[in-house]
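First the structure, in the form of structure tokens, and then the observations on it.
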Amino acid sequence: MASGSPGAAGMTRKTVEALSARMREPDWALTRRLAAWDAFEQLPMPQVTHPEKWRRTDLGDLDPGAFCLVGGTGDTAQMRFIGTIAREVGERAGLITHLDGSLAAIELMAEAAQQGVLFSDLATAVREHPDLVRDYLMTTVAPPDEHRLRALHSALWTGGTFLYVPKGAEVVLPLMSQTWLGAPGCALFPHTLLIAEEGSSVTLIELFASTGDGPRTLSSGAVELILRAGARVQYAAVQEWGLPMWEVGSLIRAHLARDASLRSLVVALGGGLVKVDVESQLLGPGASSEMLGVYFGTGGQQVNLHTLQEHQAPSTSSDLLYRGAVKDTARAVFSGLIRVDPGAQKTNAFQVNRNLILSRGARSDSIPMLEIMADDLRCTHGSATSHLDDEQIFYLMSRGISRKRAAFMIVEGFFADVFDRIPRERVRSYLRARVAEKMI
Amino acid sequence: MADLDIRDLHVQVEEKVILKGVNLQLSAGEIHAIMGPNGSGKSTLANVLMGNPFYQVTSGEVFYKGEDLLAMAPDERARKGLFIAFQYPVSITGVTMASFLRAAVSARRGYKQELMPVSEFQKLLRSKIEALKIDPEVPGRYVNDGFSGGEKKRAEILQMALLEPQIAFMDETDSGLDIDSVKVVADSILRMYDEARGGMGVLVITHYSRILQFLRPHHVHIMYDGRIVVSGGPELAEELEQHGYEGIRQQFEVVASEVQEEGAVRRAGKVFWVVH
Numbered sequence: 003m004a005s006g007s008p009g010a011a012g013m014t015r016k017t018v019e020a021l022s023a024r025m026r027e028p029d030w031a032l033t034r035r036l037a038a039w040d041a042f043e044q045l046p047m048p049q050v051t052h053p054e055k056w057r058r059t060d061l062g063d064l065d066p067g068a069f070c071l072v073g074g075t076g077d078t079a080q081m082r083f084i085g086t087i088a089r090e091v092g093e094r095a096g097l098i099t100h101l102d103g104s105l106a107a108i109e110l111m112a113e114a115a116q117q118g119v120l121f122s123d124l125a126t127a128v129r130e131h132p133d134l135v136r137d138y139l140m141t142t143v144a145p146p147d148e149h150r151l152r153a154l155h156s157a158l159w160t161g162g163t164f165l166y167v168p169k170g171a172e173v174v175l176p177l178m179s180q181t182w183l184g185a186p187g188c189a190l191f192p193h194t195l196l197i198a199e200e201g202s203s204v205t206l207i208e209l210f211a212s213t214g215d216g217p218r219t220l221s222s223g224a225v226e227l228i229l230r231a232g233a234r235v236q237y238a239a240v241q242e243w244g245l246p247m248w249e250v251g252s253l254i255r256a257h258l259a260r261d262a263s264l265r266s267l268v269v270a271l272g273g274g275l276v277k278v279d280v281e282s283q284l285l286g287p288g289a290s291s292e293m294l295g296v297y298f299g300t301g302g303q304q305v306n307l308h309t310l311q312e313h314q315a316p317s318t319s320s321d322l323l324y325r326g327a328v329k330d331t332a333r334a335v336f337s338g339l340i341r342v343d344p345g346a347q348k349t350n351a352f353q354v355n356r357n358l359i360l361s362r363g364a365r366s367d368s369i370p371m372l373e374i375m376a377d378d379l380r381c382t383h384g385s386a387t388s389h390l391d392d393e394q395i396f397y398l399m400s401r402g403i404s405r406k407r408a409a410f411m412i413v414e415g416f417f418a419d420v421f422d423r424i425p426r427e428r429v430r431s432y433l434r435a436r437v438a439e440k441m442i
Numbered sequence: 011m012a013d014l015d016i017r018d019l020h021v022q023v024e025e026k027v028i029l030k031g032v033n034l035q036l037s038a039g040e041i042h043a044i045m046g047p048n049g050s051g052k053s054t055l056a057n058v059l060m061g062n063p064f065y066q067v068t069s070g071e072v073f074y075k076g077e078d079l080l081a082m083a084p085d086e087r088a089r090k091g092l093f094i095a096f097q098y099p100v101s102i103t104g105v106t107m108a109s110f111l112r113a114a115v116s117a118r119r120g121y122k123q124e125l126m127p128v129s130e131f132q133k134l135l136r137s138k139i140e141a142l143k144i145d146p147e148v149p150g151r152y153v154n155d156g157f158s159g160g161e162k163k164r165a166e167i168l169q170m171a172l173l174e175p176q177i178a179f180m181d182e183t184d185s186g187l188d189i190d191s192v193k194v195v196a197d198s199i200l201r202m203y204d205e206a207r208g209g210m211g212v213l214v215i216t217h218y219s220r221i222l223q224f225l226r227p228h229h230v231h232i233m234y235d236g237r238i239v240v241s242g243g244p245e246l247a248e249e250l251e252q253h254g255y256e257g258i259r260q261q262f263e264v265v266a267s268e269v270q271e272e273g274a275v276r277r278a279g280k281v282f283w284v285v286h
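Order-wise, the sequence lines are chains U and S.
Numbering (our numbering) for the first sequence: 3 to 442.
Numbering (our numbering) for the second sequence: 11 to 286.
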């Protein structure tokens, strides 16, 4: 049911022009898209340009240009499906729903709107707030030509979420977005642009899901988080892609100014192959970033997460905790780099990665890396990989607990220290339930 | 027929034979003690009865209320009323005692998919914690994680109290405890035993006789080199105090040299000790 796909033959320059016209974009936006398209056509695949980061990922014969582009006519039955995800997470200040690359519904509570918060799909923001979008969209945080897939993303981003929080505004309840891809064989390029002005405070939770049927789908997303001085942002990206999905070359990158603080949570549960970069760049003194991650591969899933904690200013801190489990024949790769630039003294940088292997055929690699060019700092990193412990299983079973529940309890316990750091109980219980589903 | 009937049980770990033909009958309402030197197979016996997959049963039979116990998985044994208080309970980081205990009690009480209602469980847990004078912080801590030796033993007793077993194996629950703590543990076991009004049997495995002074077991068995070589009443523990395990070893070897045949040694061993 590839409804709404403009051409199963794949993507061309004309696809870019048609998309821009359909979105009624101003000229500058089209010009940028076409420049990105040119870059896409010229750049080799990222395995060639970034061999170290990509050598553990088998992209096979993936041709990103061969997918159809989603056409924006998702049906309401699917919308109900993702609506349940948003409901489980509970109270919110606003919600955007994207179906197959187009805005399907939007709500924003008065509490946020009255403070001048802008929350819309990105296409609308391009038309209505060009001054803001033009300056920040893929200009400094996520430039379009970092690699071939990013270029394709920049040429063909659709839907998108735009969130602008004015100086001093404080939004208590979370804003949410949910993105659904229902067209088999099609590609989606979701983009998020968040600008939190000085001293503002906001939470954005994004959910991604896609069809579990049909031929392969593709997603390559980019999230730009811009935190001005003293801004406090909580950001969560939770994906439950269907198995046909290959999410490749996605980026979540934050720029933190002086005294800004970010808490991010990345949850990777779905998709056949997932490869995401999660980066915090601490640009101003006093900035701090907490980075949490949960990943769980089952069946034949491949999960690749690459993190960067980059300290460019003194007295900055970062604290990363990523935990992942693999089951069946799943494969996970975590690589995490802490980079401390010259002059970034009095830095605190912590990184912990833990992996749990639940089946003989599953595999997990953990690659911590350090590049330290300052000399007055505290930096620790640790990674460990363990197997499901037979003695723990026996202990629980000796109390009447079934093997299945015992394994689940141990896995849940494995993720507990990440879950314990998630402030919202509804989000925690939602994640526990998803992990339980993965154990079946 | 006894509730628990162990017949000629042989067990090994990899190539090493540990139990060489254990026979024992135990019923609800009885307190038994197994004593014996280190390495004689006492802990192995308790673990095998609970279904620890680390050990392989090579021959023999065990019946629990007439059913083939060895065919049951550990969780089924527990749901049917068997319990072991481990000598070295493992810790499980990230799993709270409260959630673990709720899952365990729910399983024992026959809940299937769902768990026992929280309020009902909390009430039960509070009452047991008070009765056993356990630190009220314990339910919020991770399972055995960072527990002292004594805390671990008390947590095992708490589990026993919550699960209300019909047969409980206490694997050196007294070891590593000072004499006051031994008395507290023994009192707890006796209270549960009394409250069960004949519905609970206890098999205490110990290296020392001191806990037996409090428990006053009905039957005492001496295990040596993978067999129960002597069985008797509580006076046996006192005799053992006088002779020491070295005394057993010498006497057992004397009999062995006279009788030659394995099965006969066991029978002769028992007779020998009673005569002595």
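We put the CB at the ideal spot given by N, CA and C, even for glycine.
Whole-angstrom Cβ separation of residue i and residue j, contact assumed at under 8 Å?
i        : j        : result
VAL276/U : VAL305/U : 5 Å
VAL280/U : GLY299/U : About 17 Å; that fails the 8 Å criterion.
GLY214/U : LEU245/U : 6 Å
THR106/S : TYR152/S : 6 Å
GLY223/U : GLY187/U : Their Cβ separation, rounded to whole angstroms, is 18 Å, which puts GLY223/U and GLY187/U out of contact at 8 Å.
Output the distance between the C-alpha atoms of residue i and residue j, rounded to the nearest integer angstrom.
i        : j        : result
PRO287/U : LEU379/U : 14 Å
GLU90/U  : ARG426/U : 12 Å
HIS383/U : ALA256/U : 21 Å
ASN350/U : THR309/U : 16 Å
ALA114/S : ASP367/U : 34 Å
LYS90/S  : GLN260/S : 41 Å
THR51/U  : GLU148/U : 9 Å
ILE424/U : LYS16/U  : 44 Å
GLN311/U : ALA289/U : 12 Å
ALA259/U : PRO316/U : 12 Å
ALA233/U : LYS122/S : 48 Å
LEU250/U : ASP102/U : For the record, residue 250/U in the displayed sequence is Val; it is not Leu. Roughly 18 Å between the two C-alpha positions.
ASP18/S  : VAL72/S  : 9 Å
MET60/S  : LEU92/S  : 7 Å
GLN241/U : GLY326/U : 14 Å
VAL23/S  : SER53/S  : 13 Å
ARG265/U : GLY49/S  : 54 Å
ALA409/U : GLY415/U : 10 Å
ARG237/S : ALA418/U : 45 Å
VAL212/S : GLU248/S : 20 Å
THR318/U : LEU339/U : 16 Å
VAL2/U   : GLY12/U  : Past the boundaries of the shown model lies residue 2/U; chain U is included only from 3 to 442, so the question cannot be answered.
GLY363/U : HIS228/S : 52 Å
ILE232/S : GLU124/S : 44 Å
ILE197/U : ARG230/U : 8 Å
Determine the contact status of residue i and residue j, defining contact as a CB-CB distance below 8 Å.
i        : j        : result
ALA83/S  : MET399/U : yes
PRO99/S  : GLU140/S : no
HIS155/U : ASP123/U : no
ASP235/S : LYS30/S  : yes
ALA20/U  : ALA157/U : no
TYR166/U : LEU134/U : yes
SER202/U : ALA171/U : yes
ASN357/U : ALA334/U : yes
LEU220/U : PRO28/U  : no
GLY1/U   : LEU105/U : This structure cannot settle anything about residue 1/U, because the visible part of chain U is limited to 3 through 442.
SER291/U : SER320/U : yes
Could you say which of the options lies nearest to residue i if we only look at CA atoms?
i        : options                                : result
GLN35/S  : GLY76/S, SER69/S, THR68/S, GLY49/S     : GLY76/S
SER263/U : PRO168/U, GLN283/U, GLY415/U, LEU245/U : GLN283/U
LEU472/U : VAL342/U, LYS348/U, VAL354/U           : As shown, chain U starts at 3 and ends at 442. That puts residue 472/U outside it, with no answer to give.
GLN49/U  : GLU43/U, THR59/U, ARG265/U, PHE42/U    : THR59/U
MET170/S : GLY402/U, ARG430/U, ALA409/U           : GLY402/U
Could you work out which residues of chain B lie near residue i, taking near to mean beta carbons separated by less than 8 Å?
i        : result
MET411/U : Given the protein chain composition of this structure (U and S), no chain B is represented.
Would the C-beta of residue i count as close to the ligand ADP, meaning under 7 Å from any of its heavy atoms?
i        : result
ASP137/U : The ligand ADP is not part of this structure, which contains no ligands at all.
Exercise for review: With 8 Å as the C-beta to C-beta threshold (strictly closer), list the residues of the segment 97-125 of chain S near chain U in chain order.
Suggested key: PRO99, VAL100, ILE102, THR103, GLY104, VAL105, SER109, PHE110, ALA113, ALA114, ALA117, ARG118
Practice item. Quick one: which residues of the segment 384-405 of chain U get their C-beta closer than 8 Å to a C-beta of chain S? List them in chain order. Key: ASP391, ASP392, GLU393, GLN394, PHE396, TYR397, LEU398, MET399, SER400, ARG401, GLY402, ILE403, SER404, ARG405
Review point. Which residues, taken in chain order from the segment 174-190 of chain S, show a beta carbon closer than 8 Å to some beta carbon of chain U?
Key: none
Practice item. Closer than 9 Å, Cβ to Cβ, to anything on chain U: give me those residues from the segment 62-84 of chain S, in chain order. Key: ASN62, PRO63, PHE64, ALA83, PRO84
Exercise for review: Give, in chain order, every residue of the segment 33-65 of chain S whose Cβ lies closer than 8 Å to some Cβ of chain U.
Suggested key: Going along the segment 33-65 of chain S in chain order, one finds MET60, GLY61, ASN62, PRO63, PHE64 with a Cβ nearer than 8 Å to chain U.
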